[in-house]
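Asks:
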Amino acid sequence: MRILDGLGTDNVFYFFEEITRIPHGSGNEGPLAAYLMAFAQERGLECRKDNAGNVVIKKPGTAGYEKSPAVILQGHMDMVCEKLAGVEHDFTTEPLQLEIDGDLIRAKGTTLGADNGIAVAYMLAALDAGDMAHPPLEAVFTTGEETGMEGAKGLDCSDLKGKYLINMDTEEEGKFLISCCGGRREQIVLPVEYVEKKEGQQAYLLTIKGLKGGHSGSDIHLNRASANKLLGRILHGLAENVSYDLVRVDGGNMDNAICREAEAVLMVTEAEAKKAAAAVAEAEKMLKEEYRRSDGDMIVTWESLREQVSHMMTEDTKQKVISILMLLPFGVESMSMEVEGLVESSSNPGILKTEGNAVYFDNAVRSSVASKKELICQQIHTLAKLCGGKCESRADYPGWMYQEDSRLLTVLEEAYRRTAGKEPERVAIHAGVECGLFAEKMPWLDMVSLGPEMYDVHTPDERLSISSVKRTWELLKATLAELK
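If you use the numbering used here, the sequence shown corresponds to residues 63 to 546, in order.
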């Protein structure tokens with residue numbers, strides 16, 4: 063049974079539901095790419111897939127638009143795969159479970175993938191439409207955006223002729239994105255030394271959950287808590303009053319999402335366990351008070367484990383793990399002095415993982431000023447070196463600078479006034495979009511990013527506004543009709 067039938071808006075919701083039925087987490091875009099290729103071939107449209115897994119589909123202009131400048135419609139195929147604790151869902155094989163809540167679409171217990179599935183749906187609807195006026199269209203579906211824009215980096219642009227590019231990876235209706243920050247991923251790898259468990263000790267699980275989380279770029283200014291950072295803080299506080307050994311630490315699944323849940327396994331004696339339980343309870347009370355407005359549903363638990371533990375970290379390794387968690391930069395580092403209210407630089411330790419003989423700390427660094435991005439990365443590298451680890455950089459991508467005298471922006475703003483009946487807003491954001499990479503590859507492009515209203519992307523509470531999807535579709539159609 064289709065959940066979104068009857069919502070109208072040509073085939074936008076049909077294609078969006080189709081996309082939610084196809085697994086397409088980052089690194090697993092193959093099934094969706096195959097769907098896109100089959101879609102194009104069934105309609106006799108020119109299509110190709112490049113070595114980076116990106117798909118390009120072309121459609122000629124309609125009558126009267128045959129010689130108009132081509133328009134690139136662009137969005138990414140991959141989605142962030144997050145789910146609530148206790149929810150059983152395999153993102154590699156299972157479809158999302160959609161539900162409608164008033165004007166909102168959500169997925170049961172998981173991320174919805176409206177970021178950026180709705181862009182893919184818009185593009186397919188435009189390619190499928192038989193009665194919509196438009197210039198030649200070049201639909202570019204990229205891979206790996208959520209893990210560092212790898213698809214856009216590897217995109218073969220040799221046959222793209224577009225003069226305009228409409229990116230649809232923005233989450234607020236009526237706010238036209240004209241600039242974004244650059245970023246880089248930094249991973250600290252800390253070697254772990256182990257010793258055998260001491261006599262008389264038992265395993266306990268320290269868990270932090272119930273945090274709001276959010277996008278590590280667009281939500282970083284909201285001062286929400288990071289479970290990974292709180293875990294380090296609690297472990298540091300416990301070490302001052304309780305004798306314990308550390309087995310492992312783990313938290314978060316995506317470095318571009320503010321960590322919602324984290325945990326650690328500790329070894330303590332029965333006497334120390336009672337002291338630890340009291341200290342954890344006191345820490346929960348303190349942290350819930352500190353974050354009462356942003357993360358009031360936080361839960362910190364301390365419970366015994368039945369699992370058999372034979373080895374634990376040495377005291378030296380334990381102290382290094384705690385030191386890194388305590389000192390890793392998190393949150394807003396600087397605010398823009400040019401755009402009021404815009405975050406300039408930030409860092410987010412999104413993933414914490416103990417695996418084999420190492421602990422991994424994955425961080426997403428962002429800045430609209432290249433030198434400040436470099437400074438934060440240098441701080442992370444310095445911290446890794448001081449603690450005997452190494453730091454590896456990847457997924458470096460450029461920012462996108464505001465382009466004056468944009469005809470595309472003018473057309474969009476006029477179309478928005480007509481279709482929405484109110485004034486649009488020009489915005490720069492503290493998040494990365496693929497426009498920066500397109501600007502490097504195709505410097506002549508006139509670009510704007512837009513999208514319908516979405517909420518809490520990158521979290522299991524992600525929602526998509528039905529009415530906003532409809533209005534944004536009308537805006538897209540009106541804009542294409544004007545780009546003659």
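All residues carry an ideal CB built from backbone N, CA and C; glycine is no exception.
As the structure is a computational prediction, the values presented were derived from the model and not from experiment.
Could you check the C-alpha separation between ARG178 and THR205 for me, to the nearest Å?
Replies: Residue identity check: residue 178 is Asn in the sequence provided, not Arg. One C-alpha to the other measures close to 11 Å.
Asks: Less than 6 Å between C-beta atoms, sequence neighbours within five positions excluded: which residues of the same chain meet that for TYR517?
Replies: For TYR517, where only same-chain residues beyond five positions count, the Cβ hits under 6 Å are ARG525.
Asks: With LYS237 and VAL489 assumed to form a contact (beta carbons below 8 Å), what rounded beta-carbon distance in angstroms separates them?
Replies: With 8 Å as the limit, LYS237 and VAL489 qualify as a contact, their Cβ atoms being about 5 Å apart.
Asks: Going by the CB atoms, is the gap between LYS225 and PRO131 shorter than 8 Å?
Replies: Closer than 8 Å, so yes.
Asks: Which residues in the same chain as ALA353 place their Cβ atom closer than 7 Å to its Cβ, once the five residues preceding and following it in sequence are excluded?
Replies: Correcting the residue identity first, residue 353 is Tyr in this sequence and not Ala. Here the set comprises ALA287 and MET360.
Asks: Just the C-alpha distance for GLY461 and SER430, rounded to the nearest angstrom, thanks.
Replies: Distance between the alpha carbons of GLY461 and SER430 is about 6 Å.
Asks: Evaluate contact between the region 303 to 318 and the region 392 to 406, counting only Cβ atoms and requiring at least three cross-stretch pairs below 8 Å.
Replies: They do not touch, by the three-pair rule.
Asks: Does the separation of the CB atoms of TYR464 and GLY244 fall below 8 Å?
Replies: In this structure, GLY244 does not lie closer than 8 Å to TYR464 by Cβ.
Asks: Alpha carbon to alpha carbon, how far is THR232 from GLU406? Give it in angstroms, no decimals.
Replies: Computed Cα separation, rounded: 18 Å.
Asks: Could you give the DSSP three-state label for ILE296: helix, strand or coil?
Replies: Three-state DSSP puts ILE296 in a helix.
Asks: Spatial neighbours of ARG480 within its chain, please: C-beta separation below 7 Å, excluding the five flanking residues on both sides.
Replies: Once the five neighbours on either side are set aside, the close Cβ partners of ARG480 are ALA540.
Asks: For SER529, does the three-state DSSP call read helix, strand or coil?
Replies: Here SER529 sits in helix by DSSP.
Asks: Between the alpha carbons of GLU156 and ASP140, how many angstroms are there, rounded?
Replies: About 15 Å.
Asks: Of all the options SER396, GLY314 and LEU499, which has the alpha carbon lying nearest to the alpha carbon of LEU273?
Replies: Residue GLY314 is the option with its Cα nearest to LEU273.
Asks: Could you tell me whether the Cβ atoms of GLU323 and ALA289 are closer together than 8 Å?
Replies: A contact, by the Cβ cut-off of 8 Å.
Asks: So what's ALA420 in DSSP terms, helix, strand or just coil?
Replies: ALA420: strand per DSSP, three-state reduction.
Asks: Contact defined as beta carbons within less than 8 Å: I believe ALA426 pairs with ASP317. What is the distance between those atoms, to the nearest angstrom?
Replies: The pair is a contact, with the Cβ atoms about 4 Å apart (cut-off 8 Å).
Asks: Identify the residues that DSSP records as bridge partners of GLU402: which are they?
Replies: For GLU402, which the question treats as bridged, DSSP gives no partner whatsoever.
Asks: Kindly provide the ranges of any beta strand (DSSP E) runs that are 3 or more residues long and lie completely inside the region 278 to 323, ordered along the chain.
Replies: Segments of the beta strand (DSSP E) lying fully in the region 278 to 323: 307 to 313.
Asks: Have a look at LEU135, GLU80, VAL142 and LYS215 and flag the residue whose alpha-carbon is nearest the alpha-carbon of GLY115.
Replies: Nearest C-alpha to GLY115: LYS215.
Asks: Could you check what DSSP says for TYR127 in three-state terms: helix, strand or coil?
Replies: Of the three classes helix, strand and coil, the one that applies to TYR127 here is coil, per DSSP.
Asks: For my contact list, GLU208 and VAL142 are in at a C-beta cut-off of 8 Å; report their separation, rounded to the angstrom.
Replies: That pair is a contact at about 5 Å.
Asks: What residue range is occupied by the uninterrupted alpha helix (DSSP H) comprising ARG368?
Replies: Careful: ARG368 lies outside any alpha helix (DSSP H) and carries neither H nor E.
Asks: Let me know if LYS435 comes out buried or exposed under the rule of 16 or more other beta-carbons within 10 Å of its beta-carbon.
Replies: Classification of LYS435: buried, given that the 10 Å Cβ count is 16 or more.
Asks: Within the continuous beta strand (DSSP E) that includes ASP458, where are the two ends?
Replies: Taken as a continuous stretch (DSSP letters only), the beta strand (DSSP E) holding ASP458 covers 452 to 459.
Asks: Which two residues bound the contiguous alpha helix (DSSP H) that contains TYR97?
Replies: Residues 92 to 104.
Asks: Applying the 10 Å Cβ sphere with the 16-neighbour rule, what's the burial state of TYR256?
Replies: Per the 10 Å Cβ criterion, exposed.
Asks: Helix, strand or coil: how does DSSP classify ARG83 here?
Replies: It is coil, neither helix nor strand.
Asks: Please say whether PRO514 and GLU161 have beta carbons closer to each other than 8 Å?
Replies: No, the Cβ-Cβ distance between GLU161 and PRO514 is not below 8 Å.
Asks: Rounded to the nearest angstrom, how far is the Cβ of LEU252 from that of ILE386, given a contact under 8 Å?
Replies: About 7 Å; that satisfies the 8 Å criterion.
Asks: Three-state secondary structure (DSSP) at LYS259?
Replies: Coil, per DSSP.
Asks: Label GLU302 either buried or exposed according to how many other C-beta atoms from any shown protein chain fall within 10 Å of its C-beta, with 16 as the threshold for buried.
Replies: Under this definition GLU302 is an exposed residue.
Asks: Does DSSP put TYR76 in a helix, a strand or coil?
Replies: Looking at TYR76 - three-state DSSP - the assignment turns out to be helix.
Asks: In whole angstroms, what is the alpha-carbon distance linking ASN419 and LEU499?
Replies: Using only the alpha carbons, I get a separation of about 36 Å.
Asks: So, does the CB of PHE153 fall closer than 8 Å to a CB anywhere in chain D?
Replies: In summary, chain D is missing from the structure at hand, where a single protein chain is found.
Asks: In the DSSP assignment, the alpha helix (DSSP H) including LEU437 goes from what residue to what residue?
Replies: 432 to 448 is the extent of the alpha helix (DSSP H) around LEU437.
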